[in-house]
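Under the working numbering, the first residue of the sequence shown carries the number 110, and numbering increases by one thereafter. Reviewing the structure listed below.
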Amino acid sequence: MKKLISAVLVLSMVLGLAACGSSKGTANNPDSNKTSSTSADFNKEVTEVVATENNFEDLVSLRGKLDPTSEEIDKVNNTLNDTYLGDVFDTKIPNDYSKYPYKEDVTLDVWMPSNAILASVCSDINDHYVFNKVEELTGIKLNFIVPALGEESTAFNLMTAGGQLHDIIIDAGYYPGGIAAGVNEGAYIALNDVIEEYMPNYNAWRNSDEDRRKTTMTDDGTLGAVYGIAPYNEWCWFGLLIKQEALDKTGLPVPETIDEWHEFLLKCKEVGYNEPLNYGSTYGQIFTGCLNGAYGVWDWMYVDENGKAAWGPAAPKAKEYLQMMQTWYSEGLLNTDWPTADFNQRMAEAVSDDCAAMMDSPDTMWGYWKTGDKDIDFVGVLNPVLNKGDKPQQTYKNFKSTGTTAAVTTTCKNVEAACAFLDFAFTKKGWELYNYGEYGNVHKIDEKGLPYFTKDGLMYNDPDNQPLSNLIWKYRIHSFANIRDEHNSNPLITAEGSYSGAIRDYWTSNMDDSVTMPPVTLTSEESAREAELGTILSTMRNEYFSKIIMGQLPVDAYDEFLEKAKAQGLDEFVGLWQAGLDRYNAR
């Protein structure tokens, strides 16, 4: 068994709030991989991803089959045959397997951060079924190097300081200044000159759609990393959720406006919910668009009605929002530990009789409210508005990007093999394996050729009795630079009886996301300055807003906050984002 390499470090570093920096130029031709269509006319023609000729036995008969033979299971799991898979998306997933098995004996070192959930179900990523199977199918051996939890940034910087990066870096944005800075400073390879030859599947998939193309490059066209790309814009994952029993006990309808929410929470308090709204989260929000969006006050950068970059905490109605929140807090409508409660605290409060409504993911709450011995029904609620009939807003849009990146380093021992490994994730077989894991024990194939998790499979019958929220990491790969099929392969969404996906679809379809800041990139210099200013501004925002909400400062202290923010470089900070937004729009 390969050994998991964990760096035990004593230093810590705060990640800046910088977006990935864009390159100022590269020795490679930045235009070598652009499509012939411009952004304006890209969608006039649908890019067809053409499959290569594969001499595979026809296994279409496996579609809809509930009892495949051991021989059929072997053909699925141990060969590159994908004939049993259907074309289930608007764009066909490519399936060029000509690079596999790889021609040479090679082992790639892959630096990949873990997380608490993944670590709890797989103590050594080198033993994960999916990656072991990728090794077998591609003929490329993998050695995962995993930094200690919570020390990822420090470990990365010590690694770069030593001058010897591993072959592949997952979450390549850890590089100071972002991916483009990594290319400019000689750490990452610009893939423009190798992608067509070494990564035919990724090349076809990213060029099959304008959003995919636009969000997987820097402003000058440099392809500095491989990006996780979805087949569609994933649904909004975070919002307001109300226990059905709270609606029943109060006798009130689902609230739509801020005033109706106030009335509802007061009534919840009256009928016995001591802290009816579980507010805040450990995901980084001091406040979220769930409530503040009604006032046009967003937690960070957004695009205003004129199409310009703007900073949410400085929006015109910020004082109105803070006054409302201070009132609600003083009336005991929020959980008193909201500034400090960690995930476990919030979930314990969520299942208690004190909580009537949550701000969280319906996937997560399905796991806590509707599984095991719990049977708490809940409904998804649109972000409130100030005036009845106004369109609810949110600052979430997926842009068909999953957020995970992988870079090939300039010290990589075999660039072609590294590209072949990463490219496999963008084949039809890779899509199945990364999203759905093992055929037979974990998933089967429906009549349309779409994998699904079976009732009697391991995903719903884990021998270790792990919660479903953990199993999405145990039997599949939840986050990687691949084609992530979140809507169909997240068992929290697809579990029998689950309405989590319906809630997320409802949020996405009924809220205006035009204020969302797209995934812009900044130059190395801009990124460094943005991180410096962003740290100052976020610290100041967190302190003032939390103290005002809890009544430790008067609402008028906001004026002092805004004056200090401007003195600390707010206008410069917004200007950096505006420059990035202008370049993004011109891609």
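Ideal Cβ placement from N, Cα and C applies to all residues, glycine included. In this text the structure is predicted, and so the values were computed from the model without any measurement.
By alpha-carbon positions, which one of the options ends up nearest to residue i?
i	options	result
K250	Y238, G295, D218	D218
C377	R321, Y411, G441, T366	G441
N186	K242, R650, I226, K174	K242
E369	K352, L400, C345	L400
D276	T325, E180, Y297, P285	Y297
D451	N293, M434, E429, G389	G389
G481	K497, S578, A666	S578
A281	A515, Y206, D665	A515
N599	G539, F562, A270, K184	F562
Y341	T617, K323, K509, G398	K509
G83	G398, A403, K358	In the structure displayed, the chain extends from 110 to 696; residue 83 sits before or after that span and is not available.
A466	N523, V488, A590, N496	V488
D463	K483, W437, S439, E379	E379
D183	L246, G402, L662	L246
E635	M433, R593, S317, G689	G689
E343	T327, V335, R321	R321
D318	I338, M456, A257	I338
L431	N444, P448, P663, Q687	P663
P422	Y404, D408, M433	D408
F253	T216, P285, T504, G287	T216
S179	N550, R692, T449	N550
M456	N694, E541, L386	L386
F535	G566, G330, N316	N316
G398	K479, P493, A674, M433	P493
E541	P177, I202, V169, E181	I202
N224	I581, L631, K506, N619	I581
So what's residue i in DSSP terms, helix, strand or just coil?
i	result
Y655	Reading off the sequence shown, one finds Ser at residue 655, where the question assumed Tyr. Looking at S655 - three-state DSSP - the assignment turns out to be helix.
F253	strand
D196	coil
V664	coil
S578	helix
T325	coil
H275	coil
A695	coil
Q503	coil
I367	helix
K564	coil
V215	coil
G689	helix
F165	coil
F670	helix
V683	helix
L386	strand
D191	coil
Y307	helix
F68	Here the chain comprises residues numbered 110 to 696, so residue 68 is not present and cannot be evaluated.
A640	helix
W475	helix
Ignore the nearest five residues each way along the sequence and tell me which others in residue i's own chain have a CB closer than 7 Å to its CB.
i	result
K500	D621
G248	Y209, P210, Y211
G558	R172, Y193, L194, G195, V197
V524	I298, V303, V517
G546	Y238, V239, H552, Y584, R585
Counting only the same chain and skipping the five closest in sequence on each side, list residues whose C-beta sits under 6 Å from that of residue i.
i	result
V683	A418, W420
F373	L361, P364
L300	L332
P576	G476
G653	Checking the sequence shown, residue 653 turns out to be Tyr, not Gly. So the qualifying residues of the chain are F670.
K538	L189, D191
T511	G337, A339, R593
What residues in its chain sit with their C-beta under 8 Å from that of residue i, if we drop five residues either side in the sequence?
i	result
I602	D472, E595, H596, S609, G610, R613
D555	R172, G173, Y561
Q677	L642, I645, L646, M649
I279	V219, W220, M221, P222, T513, T514, A515, F589, A590
T518	L274, H275, D276, I277, I278, A296, Y297, I298
Q454	D446
E384	G441, L442, L443, N444, T445, E458, D463, C464
A69	There is simply no residue 69 to check, as the chain begins at 110 and stops at 696 in what is shown.
Does chain C have any CB closer than 8 Å to the CB of residue i?
i	result
P285	This model lacks chain C altogether; it includes just one protein chain.
Measuring CB atoms only, is the segment 459-478 touching the segment 337-350, in the sense that at least three cross pairs come out at less than 8 Å? yes
- Touch check for the segment 287-294 and the segment 639-649: three-plus C-beta pairs under 8 Å? no
- Query: At a cut of 8 Å, does the segment 300-311 reach the segment 527-537 through at least three beta carbon pairs?
  - Reply: yes
Checklist entry - What are the uninterrupted segments assigned as alpha helix (DSSP H) that are 4 or more residues long and contained completely in the segment 411-470, given in chain order? => result 427-439, 452-459
Curious, which full-length alpha helix (DSSP H) runs of at least 4 residues does the segment 313-360 contain? 319-323, 353-359
Item checked: Stretch pair the segment 162-169 + the segment 190-199: three plus CB contacts closer than 8 Å -> yes
Worksheet entry | At least three beta-carbon pairs within less than 8 Å, the segment 192-208 to the segment 225-240 | no
| said: Extract the residue ranges of the alpha helix (DSSP H) inside the segment 608-638, only unbroken runs of 4 or more that lie entirely within it. | reply: 609-619
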